[in-house]
Amino acid sequence: MHAEVAALLPEGKDLWLVGGGELVGMFLDAGLLDEVHLGVAPVFLGGGAPLLPRRLVTPPLELVGCSRAGSFVQLDYRVPRA
């Protein structure tokens with residue numbers, strides 16, 4: 001899949017992905033993910049689906065920043081190269 005996904009990317013350009021954890025996992029598996037920006041809204045649910053469909057532990061994400069936008073929080077993570 002790496003070559004298929006890489007062929008879609010503009011060379012030397014950033015690509016913003018909006019989607020669920022499966023999409024993030026596919027790009028991570030292909031070594032094409034540099035950063036994850038996670039927006040957190042102040043809603044508490046008693047149950048539901050996890051944020052991502054699987055844990056992203058290899059390589060471990062590195063928190064590089066956080067910011068506030070009104071009542072939302074954005075967490076910024078870097079994906080280290082293995």
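The opening residue of the sequence shown carries number 1 in full-length UniProt numbering; numbering runs sequentially from there.
The beta carbon of each residue, even a glycine, is placed where N, CA and C say it ideally should be.
- Per the C-alpha coordinates, the member of 59, 80, 39, 60 positioned closest to residue 73 is 39.
- The three-state reading of DSSP puts residue 41 in coil, since its state is none of H, G, I, E or B.
- Distance check between residue 18 and each of 36, 62, 60 places 36 closest, using alpha-carbon atoms only.
- The beta carbon of residue 62 sits closer than 7 Å to the beta carbons of 77, 78, 80 from its chain, once the five residues preceding and following it are set aside; these are given in chain order.
- If the five residues before and after residue 9 are omitted, its C-beta is found closer than 8 Å to the C-beta atoms of 15, 32, all from its own chain and listed in chain order.
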